[in-house]
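Each remark here refers to the structure printed beneath this line.
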Amino acid sequence: MTKTDQQLQRDVIDELSWDPSIASSEIGVAAKDGVVTLSGQVNSYAKKYAAIRAAERVAGVRAIAEEMNVVLPNTAKRSDTDLAHAVARTLEWDVQVPDEVKARVDDGWVWLEGEVDWQYQAAAAERAVRTLTGVRGVSNLLQVKARVSADDVKQRIETALKRHAEIDARNVTVDTSGGRVTLRGKVRTWAERQDAEYAAWSAPGVTGVEDEISVGA
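Quick note on the numbering used here: the sequence shown kicks off at 128 and runs consecutively.
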């Protein structure tokens, strides 16, 4: 059954309240035709990220418009030089992040650049830095090196989708061009959509994923 805008808004608010890492009182929630808008002010990038992920977990959410601002408290502010040193150390200490990953910092915003062999390495780099004190945002510009043929990528992804219990692989199609993958179809929840995208990124040689899967009952 399709949720009304009011029901969807209430479910997202409840999910934000349920997550202890989010101060839900700081976040405004609006819903219209399955599109949820998150607005307001949060005091860390980690909290902003957690709020977006919480909204994505709610059944009925088709898309999210993110309008939250990160305003750091005085106790969390640090110079770009100090933050850059912290980012460099954090990346160095994470065993999943290769040495090829480089970072630059400007006004509390972190850019990750370079090439990696696997998407999980790019995700690990972003995960490592987004919870650091003083981070206002992260732009992950890391590129995955292409290593296998498009046909091989397509076959591996389709096989992986069939293995995932939460994904009805019959409703998802996979198109490949080099290392670029396009997913199309329709799934029941945003979480199912994310699982399909994760399965695609897990195939060796995938350099980019265009997720055109729609979410609906």
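Note that beta-carbon positions come from the ideal geometry of N, C-alpha and C, so glycine has one too. Keep in mind the model is a prediction, meaning the values are calculated, not measured.
Problem - Cα-Cα separation, residue 329 to residue 323 - result: 10 Å
Practice task
Establish whether the CB of residue 199 and some CB of chain B are separated by less than 8 Å.
Solution key: In the structure shown, chain B cannot be found, because there is only a single protein chain.
Exercise for the section: Flag this pair as touching only if the stretch 286-302 and the stretch 156-176 have three or more C-beta atom pairs under 8 Å; answer yes or no. Expected result: no
Problem - Same chain, Cβ closer than 7 Å to residue 257, five either side skipped, listed in chain order - result: 172, 173, 176 and 265
Practice task
Using a threshold of 8 Å, state whether the C-beta atoms of residue 320 and residue 336 are closer than that.
Solution key: no
Exercise for the section: Look up residue 270 in the DSSP assignment and say whether it is helix, strand or coil. Expected result: strand
Problem - Nearest candidate by alpha-carbon position, reference residue 160, set 135, 279 and 223 - result: 135
Handout entry: residue 311 (DSSP reduced to helix, strand or coil)
Key = strand
Practice task
Measure the C-alpha to C-alpha separation of residue 181 and residue 153 and round it to an integer number of angstroms.
Solution key: 14 Å
Exercise for the section: Using a threshold of 8 Å, state whether the C-beta atoms of residue 218 and residue 252 are closer than that. Expected result: yes
Handout entry: Pairwise C-alpha distance: residue 334 and residue 270
Key = 7 Å
Practice task
Return helix, strand or coil for residue 324, following the three-state DSSP convention.
Solution key: helix
Exercise for the section: Determine the extent of the beta strand (DSSP E) in which residue 192 is found, giving its start and end residues. Expected result: 190-197
Practice task
Select from 227, 198, 190 and 232 the residue whose C-alpha is nearest the C-alpha of residue 210.
Solution key: 232
Handout entry: Span separating the alpha-carbon of residue 318 from that of residue 259
Key = 26 Å
Exercise for the section: Would you tell me roughly how many angstroms separate the C-alpha atoms of residue 143 and residue 167, rounded to the nearest one? Expected result: 13 Å
Problem - Residues that residue 301 bridges to, as DSSP identifies them - result: 310
Practice task
Please name the residue in 314, 313 and 247 whose C-alpha comes closest to that of residue 332.
Solution key: 247
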